[in-house]
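Numbering (our numbering), first residue to last: 5 to 234.
Virtual Cβ for every residue (Gly too), placed ideally from N, Cα, C.
Below is one structure, written out as structure tokens, with a few remarks after it.
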């Protein structure tokens, strides 16, 4: 039986997480890692709060790395497990996203951390695999992308682009694409602005593209009903 003094010390050190841990395991979120999640609070189908995310190497069955989140906010599926790798604008975005965010051939991971992106949307801490340190290292630049726009950015592996979405109200939207320049960081290479704030039942679409280190812009107006028809 645990000594009472030892038990009391454990309670003081661990605080509420000692009592309020909800555990989930994901086997198919990543090709390389099994995932073990411990999160502070779950009520009905929503979980949130401080969390630890353990990555277990599938090849060795050994713990590879432990990452944390101050607020791993997510909803449970019908099988009472969280999803992974889902990025839907204005809809579901999973607590864990495994992908190659910097297009270097190694799998990276983004971890949900609260709702701090545009319009109270999901925000993510983004970690890239560092081949020298042999572990995941937080990328401030990529993390900023996932905080400053509408949730997690999307990847286009064929064109090697990162794509973000932002808006202001109902009638102004912008889509931005970035290239990842090795050892330099992100380079904005394209954006499309959709502006329907003019009050004339049209939407002004402006596309800007970086070509030969110069920005080239084109603007076209469309009737709103025609442009946004399903």
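Taking one beta carbon from each stretch, the stretch 49-59 and the stretch 75-84 have 3 or more pairs nearer than 8 Å; the two touch.
Counted as a single uninterrupted DSSP element, the alpha helix (DSSP H) harbouring residue 146 occupies residues 144-152.
With distances taken between CA atoms, residue 122 lies nearest to 172 out of 222, 172 and 161. Excluding the 5 residues flanking it on each side, residue 99 has same chain C-beta neighbours closer than 6 Å at 76, 78, 86 and 116, in chain order.
The residues 120, 121 and 127, in chain order, have a CB closer than 7 Å to that of residue 151 in the same chain once the five nearest residues on each side in sequence are set aside. For residue 82, there is no enclosing beta strand (DSSP E), since its DSSP letter is neither H nor E. By the criterion of at least three beta-carbon pairs nearer than 8 Å, the stretch 128-141 is not in contact with the stretch 184-195. For residue 50, the uninterrupted beta strand (DSSP E) segment begins and ends at 50-61. For residue 107, DSSP assigns no beta-bridge partner whatsoever. Nearest C-alpha to residue 186 among 106, 198, 215 and 233: 106. The Cβ atoms of residue 226 and residue 206 sit closer than 8 Å to each other.
The closest CA to that of residue 144, considering only 114, 169, 203 and 124, is found on 114. Membership of residue 91 in any beta strand (DSSP E) is not indicated, and neither H nor E is assigned to it by DSSP.
Here residue 213 has 194 and 220 as same chain residues with Cβ atoms under 6 Å from its own Cβ, once five neighbours each way along the sequence are excluded. For residue 86, the pairing in a beta bridge is given by DSSP as 80. Cβ neighbours of residue 178 within its own chain (closer than 8 Å, five residues either side excluded): 169, 170, 171, 195, 196, 197 and 198.
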